[in-house]
Amino acid sequence: KLVENDEYSESGRGVYPDGLYRMLLQFHERYKHLNMPFIIAENGVADETDLIRRPYLLEHLLAVYAAMNEGVSVLGYLFWTISDNWEWADGYGPKFGLVAVDRANNLARIPRPSYHLFSKVVNSGKVTREDREKAWNELQRAAE
């Protein structure tokens, strides 16, 4: 079922954390007899400004957490992607990375603010209200 969505990434993909939550619940129900945990192997957003990526990351992690609270076993979550990369359909255009790659400067790596946010969440094991408000406020200010 397609979902009407007002939020889209630079690459035209819908931003829909509730969809991840719903799919985890649906797959859990369908495959619970296998008694195997899920690994989310690729979840990310193209965002050269890094303004959408921060709330995207936090909201999707909270969606996974909500599913886990309902009994879904999630073994891992891999953000797509650590650094900007080659996308088969779009080349080097979309900027998915938590770390920017400066192709004009000997492929220098430049951590984006989302890199530091993800590191904080991973090290603390939690998404704080303060981080969430900051991410959304920065996006709101940029949109004004």
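When the letters of the sequence shown are read in order and numbered with the UniProt record's numbering, they come out as residues 1 to 144.
Glycine included, C-beta positions come from ideal geometry on N, C-alpha and C.
Fair warning: this is a prediction, and the values are worked out from it, not measured in the lab.
- Exclusion of the five residues before and after Gly97 leaves Thr81, Ser83 and Asp84 as the residues of its chain whose Cβ lies within less than 6 Å of its Cβ.
- Using a Cβ distance threshold of 9 Å, Phe79 and Gly125 do not count as a contacting pair.
- Approximately 7 Å separates the beta-carbon atoms of Leu75 and Phe38; this is inside 8 Å, confirming the contact.
- Annotated as distal: Leu25 and His60, with beta-carbon spacing of 9 Å or more.
- According to the DSSP assignment, Ala100 belongs to the beta strand (DSSP E) that extends over Val99 to Asp102.
- Using a Cβ distance threshold of 9 Å, Trp86 and Tyr77 do not count as a contacting pair.
- With distances taken between CA atoms, Asp47 lies nearest to Pro94 out of Glu29, Ala66, Ala89 and Pro94.
- Its chain contains Leu51 and Arg54 as the residues whose beta carbon lies nearer than 8 Å to that of Glu138, once the 5 sequence neighbours on both sides are disregarded; these appear in chain order.
- From the listed residues Ala142, Phe27 and Glu42, the smallest Cα separation to Ser73 is found for Phe27.
- Counting other Cβ atoms within 10 Å of its Cβ, Tyr31 stays below 16 and is therefore classed as exposed.
- Ser114 counts as buried, since no fewer than 16 other beta carbons sit within 10 angstroms of its beta carbon.
- Straight across, the Cα-Cα distance linking His33 with Gly71 is about 13 Å.
- The DSSP-derived three-state label of Val121 is helix.
- For Glu87, the pairing in a beta bridge is given by DSSP as Gly91.
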